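Everything on this sheet refers to the single structure shown next.
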Amino acid sequence: MPLQIYNSLTRQKEEFVPLTDGLVRMYVCGPTVYDYPHIGHAKSYISFDIVVRYLRYLGYRVKYVQNITDVGHLLDDGEDRILKGAQREKRDPMELVEIYTRAFFDAMDALNVQRPTISPRATGHIPEQIEMVQTLIDKGHAYVVNGSVYFDISTWPGYGVLSGRRVEDQRAGERVEASDEKRHPADFALWKKAGPEHIMQWNSPWGRGYPGWHIECSAMSMKYLGETLDIHGGGMENQFPHHECEIAQSEAVTGKPFVRYWMHHNMVMVEGVKMSKSLGNFTSVQRALERYSGAQIRFFILQSHYRSPVDFSREAIDASAQGLERLQATRDQLLHFLASDEGDVSAQVEQVCAEYKALFEKEMNDDFNTPAAIGHLFSFAREINSRLSSSLSSASVKLLHDTFIRLADDVLGILPESRTALAADPFIDLLVTVRREIRAQKNWALSDHLRDKLEELGVAIQDGKEKSSWTYKKNMPAL
RNA sequence: GGCGGCGUAGCCAAGUGGCUAAGGCGGAGGUCUGCAAAACCUCUAUUCAUCGGUUCGACUCCGAUCGCCGCCUCCA
Numbered sequence: 000m001p002l003q004i005y006n007s008l009t010r011q012k013e014e015f016v017p018l019t020d021g022l023v024r025m026y027v028c029g030p031t032v033y034d035y036p037h038i039g040h041a042k043s044y045i046s047f048d049i050v051v052r053y054l055r056y057l058g059y060r061v062k063y064v065q066n067i068t069d070v071g072h073l074l075d076d077g078e079d080r081i082l083k084g085a086q087r088e089k090r091d092p093m094e095l096v097e098i099y100t101r102a103f104f105d106a107m108d109a110l111n112v113q114r115p116t117i118s119p120r121a122t123g124h125i126p127e128q129i130e131m132v133q134t135l136i137d138k139g140h141a142y143v144v145n146g147s148v149y150f151d152i153s154t155w156p157g158y159g160v161l162s163g164r165r166v167e168d169q170r171a172g173e174r175v176e177a178s179d180e181k182r183h184p185a186d187f188a189l190w191k192k193a194g195p196e197h198i199m200q201w202n203s204p205w206g207r208g209y210p211g212w213h214i215e216c217s218a219m220s221m222k223y224l225g226e227t228l229d230i231h232g233g234g235m236e237n238q239f240p241h242h243e244c245e246i247a248q249s250e251a252v253t254g255k256p257f258v259r260y261w262m263h264h265n266m267v268m269v270e271g272v273k274m275s276k277s278l279g280n281f282t283s284v285q286r287a288l289e290r291y292s293g294a295q296i297r298f299f300i301l302q303s304h305y306r307s308p309v310d311f312s313r314e315a316i317d318a319s320a321q322g323l324e325r326l327q328a329t330r331d332q333l334l335h336f337l338a339s340d341e342g343d344v345s346a347q348v349e350q351v352c353a354e355y356k357a358l359f360e361k362e363m364n365d366d367f368n369t370p371a372a373i374g375h376l377f378s379f380a381r382e383i384n385s386r387l388s389s390s391l392s393s394a395s396v397k398l399l400h401d402t403f404i405r406l407a408d409d410v411l412g413i414l415p416e417s418r419t420a421l422a423a424d425p426f427i428d429l430l431v432t433v434r435r436e437i438r439a440q441k442n443w444a445l446s447d448h449l450r451d452k453l454e455e456l457g458v459a460i461q462d463g464k465e466k467s468s469w470t471y472k473k474n475m476p477a478l
């Protein structure tokens with residue numbers, strides 16, 4: 000079965016067929032860079048990283064654009080996040096933005112998230128946004144009031160198709176003061192007039208101001224990907240109003256469908272409740288990385304489906320980390336036996352590899368079902384472990400290794416490069432070799448003592464018939 | 001008030017109108033081992049929140065009830 004993607008727009012799984020053969024145009028809403036990234040960002044960008052990696056695995060060229068929102072947008076209290084952050088840290092807005100943009104990329108690198116093809120910044124695309132707003136005014140979809148510009152939703156009957164909402168049903172003004180500048184409470188800002196206290200402001204045909212939140216995504220995605228995108232991704236919380244507004248303004252400008260497949264991932268919970276800035280219960284990626292490796296966090300997130308919420312609880316991550324260790328152990332064993340690719344691949348090994356590859360692809364083709372795909376990976380690992388205990392040709396080992404790594408690491412990214420060599424390695428090798436001699440002399444007391452001491456130092460020894468191997472214990476904070 | 005999601009073993013988590021309800025963690029037993037560890041093998045949900053309905057047959061479809069969560073405001 001070919002790749003099926005759940006399309007939020009139609010609320011069903013659909014076969015994925017890109018607009019242009021072999022090329023995928025993909026856009027994902029990026030972060031607002033005014034603070035450290037949190038584990039919600041981790042789920043979001045890991046989820047879409049999987050989409051990109053799998054599409055590339057299938058042979059597509061993927062042009063992946065993810066914006067950096069570095070323009071402040073208005074909060075309830077009339078301030079914007081970036082201005083607020085700048086005041087908090089006594090920095091220039093652009094200095095603040097630079098710091099957290101780097102922090103964001105650092106965090107994503109640690110989580111083994113591949114970088115987007117293009118990471119456009121909102122502040123670098125003000126002219127494009129102004130141009131788009133002007134076109135909307137010219138076409139009668141927007142109006143100017145007192146230096147601000149609003150989109151007139153009465154000119155766009157399709158408003159609400161994505162979120163299944165009807166404007167009349169919403170309680171406009173119940174939670175937020177409706178602006179009296181707007182003709183209709185649901186009209187949204189394309190451009191806002193800036194007061195003197197607003198540091199980030201630009202010239203426009205309507206006076207000094209700054210762009211509305213939604214317009215940057217439309218302007219930048221269309222600039223780099225064209226008028227119709229294959230995939231637009233983001234969090235469910237942005238389905239309304241953000242994505243709804245993007246559709247309205249984009250299609251009002253081009254008259255063409257804006258997005259073919261809308262993908263929305265679910266939220267991260269902490270102890271059963273939503274994590275949010277306003278609740279103050281968010282965990283930064285940086286803090287999570289103090290306790291878990293990037294691979295462990297990534298693996299944990301991929302063990303639930305991207306459209307399901309995930310509860311970031313310590314017990315659950317600890318449990319999943321144990322599971323990841325089994326996969327890592329299999330990879331380590333494969334590396335251990337990997338010599339050259341001499342000899343012939345056994346027909347059985349060839350069949351096993353083909354079988355698990357097919358099972359894996361079947362699950363991934365079903366709307367990127369990573370938990371089910373990982374399930375097959377565990378079975379594959381068991382199969383590999385069993386076969387490694389009997390003698391295999393080098394070519395067979397290599398095929399098992401290549402297949403396992405291709406699925407687990409190229410596509411899922413959960414087995415990044417094994418640790419780099421440490422200065423202690425040759426000394427540990429020596430100790431283990433010497434201990435082998437001691438064991439040959441059946442001096443169990445001394446050999447067990449050595450094993451215990453090495454264990455305390457974070458080195459685990461596995462005694463085999465022919466030789467003993469060792470690994471650094473996982474979860475060693477220093478490693 | 002409107003829109004949407006969820007409730008599967010001790011925990012995490014896939015899944016299907018009908019063969020044995022994936023997988024992981026944890027637990028129990030076993031093989032291997034000088035003893036361990038790792039690995040491997042076996043076992044660990046007569047049952048899928050509750051109650052009705054449709055059906056030859058539902059955990060899966062429909063309805064109701066209970067519980068939890070999200071969105072309608074900036075948020076990944």
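Residue numbers for the first sequence follow numbering that gives the first Met the number 0, so the first one is 0 and each next one is one higher. Cβ coordinates follow ideal geometry from the N, Cα and C atoms, glycine included. Treat the numbers as computed from the prediction; the structure is a model and nothing was measured.
Three or more pairs of CB atoms, one per stretch, sit closer than 8 Å, so the segment 226-234 contacts the segment 13-29.
A distance below 6 Å between beta-carbons, with the five flanking residues on each side excluded, links Pro92 to the following residues of its chain, in chain order: Ile81, Ala85, Ile198 and Met199. Residue range Ile214 to Leu224 is occupied by the alpha helix (DSSP H) that includes Tyr223, with no beta strand (DSSP E) assigned at that position.
Here the C-alpha atom of Phe403 lies approximately 26 Å from the C-alpha atom of Gly21.
In the same chain as Met274, and ignoring 5 residues on each side of it, the C-beta atoms closer than 8 Å to its own belong to His37, Ile38, Gly39, Met266, Val267, Met268, Asn280, Phe281, Thr282 and Phe311, in chain order. Tyr291 is not a Cβ neighbour of Ile4, given a cutoff of 8 Å. Arg52 is a Cβ neighbour of Asp409, given a cutoff of 8 Å. The three-state secondary structure of Leu135, taken from DSSP, is helix.
In the structure shown, Ala185 falls within a coil segment according to DSSP collapsed to helix, strand and coil. Every beta strand (DSSP E) of 3 residues or more that sits fully in the segment 258-307 is shown, in chain order, as 258-264 and 267-269.
Taking His242 as reference, the option from Ile383, Val433, Val160 and Glu455 with the minimal CA-CA separation is Val160. Only residues of its own chain outside the window of five on either side were considered, and among them Tyr63, Val64 and Gln65 have a CB closer than 7 Å to the CB of Pro115, listed in chain order. Within the segment 318-359, no run of beta strand (DSSP E) at least 3 residues long lies entirely inside it.
Ala41 is not a Cβ neighbour of Trp155, given a cutoff of 8 Å.
Take the alpha-carbon of His263 and the one of Asn6: they are about 8 Å apart. In terms of Cβ geometry, His124 and Met219 form a close pair [threshold 8 Å]. Between Lys138 and Tyr44, the alpha-carbon positions lie close to 36 Å from each other. Residue state for Glu88 is assigned as helix, using DSSP reduced to three classes.
Closest in alpha carbon position to Asn237, among Ser378, Asp462, Leu453 and Gly29, is Gly29.
Judged by DSSP secondary structure, Leu453 falls within the alpha helix (DSSP H) whose first and last residues are Trp443 to Glu455. Annotation: the continuous alpha helix (DSSP H) that includes Asp48 extends over Ile38 to Tyr56. Sorting Val348, Glu14, Leu445 and Ala372 by C-alpha distance to the C-alpha of Ser303 places Ala372 at the top. Going by DSSP, Leu429 is part of no beta strand (DSSP E) but of the alpha helix (DSSP H) stretching over Asp424 to Ala439. A Cβ-Cβ distance of about 6 Å is found for the pair Ile413 and Ala294, placing them in contact under the 8 Å criterion.
DSSP places Gln3 in the uninterrupted beta strand (DSSP E) bounded by Gln3 to Asn6. The residue among Ile129, Trp205 and Asp317 with its C-alpha nearest the C-alpha of Ser217 is Ile129. A check of alpha carbon separations from Arg55 across Leu2, Pro119 and Phe299 identifies Leu2 as the nearest. Per DSSP, the continuous alpha helix (DSSP H) segment holding Ile246 begins and ends at Glu243 to Thr253.
In this structure, Val348 lies away from Ser378, with their beta-carbon atoms at least 8 Å apart.
If you ignore the 5 residues before and after Pro204, its C-beta comes within less than 6 Å of no other C-beta in its own chain. Pairing Phe336 with Leu376 gives a Cβ-Cβ distance that is not under 8 Å.
Annotation: Arg297 to Leu18 spans about 31 Å, alpha carbon to alpha carbon.
Each residue's CA atom was taken as its position, placing Ala185 and Val166 some 7 Å apart. Under the 10 Å beta carbon count, Gly194 is surrounded by fewer than 16 other beta carbons and is classified as exposed. Across the set Leu456, Lys464, Thr369 and Ala423, the C-alpha of Lys464 shows the shortest separation from the C-alpha of Arg438. The bridge partners DSSP lists for Lys12 are Tyr5.
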